[in-house]
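Last residue of the sequence shown: 187 in the numbering used here, with the numbers rising by one and none dropped.
Single-structure report; data block below.
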Amino acid sequence: MAVDLPIDDRLAGWGEYADTVVHAVGDRREVVVVGHSLGGFTAPLVCGRIPVDLLVLVAAMIPAPGELFSDWWTNTGYESSGPDDVFYYDVPPALAAEASRRERDEASAALQQPWPLESWPDTPTRYLLCRDDRMFPAEWARRHARERLGIEPDEIDGGHYPALARPRQLVDRLVAYAAELPSVNLS
């Protein structure tokens, strides 16, 4: 399920973001949390609040304890990739136009707050990078996953929004991850 975070609520912080996801999960079990892009700041917070079998970061930012969103860019050695269209260039044009039309400004307090965890959650974690991502280029994303999580990322083709450009490939990968878990029943 896709969870609509309170990004336009000026009072919402990281806690409210995590609460929104936890509320959406409800009493479900065998939970795989997927955080895309900035969702990399929220997804690990959920793991500290409910049982999560697997955390998957897709073309995601990986925060450090106490790190501010605004400092993340410099702290990770991120440099702008250059092209104008870093998000939707490989998404079908009509879908890209609709996605762009639905964009909202991130106005919440979360971006002004330090990331609240003292360490990464003790939850199995995978990082899935997109080889053609113009926002987080593959070479940079590989280094980011190694430096921040100590893991080798997995890779799929496509740009920053695989859920829009290559949904079947993304779903197949997520289902394969879940199938590897002894605690998850896919039947």
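Even glycine gets a Cβ: it sits at the ideal position worked out from N, Cα and C.
Secondary structure of L128 (DSSP, three-state): strand.
About 5 Å separates the beta carbons of V58 and H36, which is inside the 8 Å limit, making them a contact pair. Taking T123 as reference, the option from W115, S100 and L149 with the minimal CA-CA separation is L149.
Distance from the CA atom of L117 to the CA atom of A43, rounded to whole angstroms, is 12 Å. By the 16-neighbour rule on beta-carbons within 10 angstroms, V56 is buried. The C-beta separation of L54 from V32 comes to about 5 Å, placing the pair in contact by the 8 Å criterion.
Looking at the backbone, the Cα of G77 and that of P93 are separated by about 32 Å.
Three or more Cβ pairs closer than 8 Å define a contact, and the region 84–92 meets that threshold against the region 154–167.
Here DSSP, grouped into helix, strand and coil, assigns L57 to strand. A residue is called buried when at least 16 other Cβ atoms come within 10 angstroms of its Cβ; A60 meets this threshold and is buried.
Separation of I7 and A109 (C-alpha to C-alpha, rounded to the nearest whole angstrom) is 9 Å. Straight through space, the alpha carbons of C47 and R29 are spaced by roughly 13 Å.
Taking 8 Å as the cut-off, the Cβ atoms of L164 and A107 do not count as close. In the assembly as shown, M1 is an exposed residue. Its beta-carbon has fewer than 16 other beta-carbons within 10 Å.
The residues A18 and V22, in chain order, have a CB closer than 7 Å to that of R49 in the same chain once the five nearest residues on each side in sequence are set aside. In this chain, the alpha helix (DSSP H) harbouring D19 covers W14 to V25. Distance from the CA of L129 to the CA of S119, rounded to the nearest whole angstrom, comes to 22 Å. In the displayed model, H36 falls within a strand according to three-state DSSP.
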